[in-house]
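In the working numbering, the protein residues as written are 1 to 67. Just so you know, even glycine gets a beta-carbon here, dropped at the ideal spot from N, CA and C.
So, in structure tokens, the structure goes:
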């Protein structure tokens, strides 16, 4: 997770496994990218992810990363 990125700001950490983006199931990097391409900069999406065996979710605003 890049410092200052939308994922960082939402609390995601290295090793988190994203399982859904809004209603799209994420199976691999390709399906994650496809789901992201459906949105525009400035949109807010909900992701579900797994960390340490627990399922969590976060809202992420898709904007440009800043340092």
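Checklist entry - With 16 other CB atoms within 10 Å as the buried threshold, where does residue 35 fall? => result Burial of residue 35 is indicated by the presence of at least 16 other C-beta atoms within 10 angstroms of its C-beta.
Item to check | Cβ distance (whole Å) where residue 41 is taken to contact residue 22 below 8 Å | outcome: Contact between residue 41 and residue 22 fails: their C-beta atoms lie close to 16 Å from each other, not under 8 Å.
Next on the checklist: Along the chain, where does the beta strand (DSSP E) containing residue 1 start, and where does it finish?
Outcome noted: It is not in any beta strand (DSSP E) - residue 1 carries neither H nor E in the DSSP assignment.
Next on the checklist: Distance check for residue 17 and residue 53, CA to CA, integer angstroms please.
Outcome noted: It is roughly 10 Å from the alpha-carbon of residue 53 to the alpha-carbon of residue 17.
Item to check | Proximity winner among 61, 63, 62, 50, relative to residue 19 (alpha-carbon distances) | outcome: With respect to the C-alpha of residue 19, the residue from 61, 63, 62, 50 having the closest C-alpha is 50.
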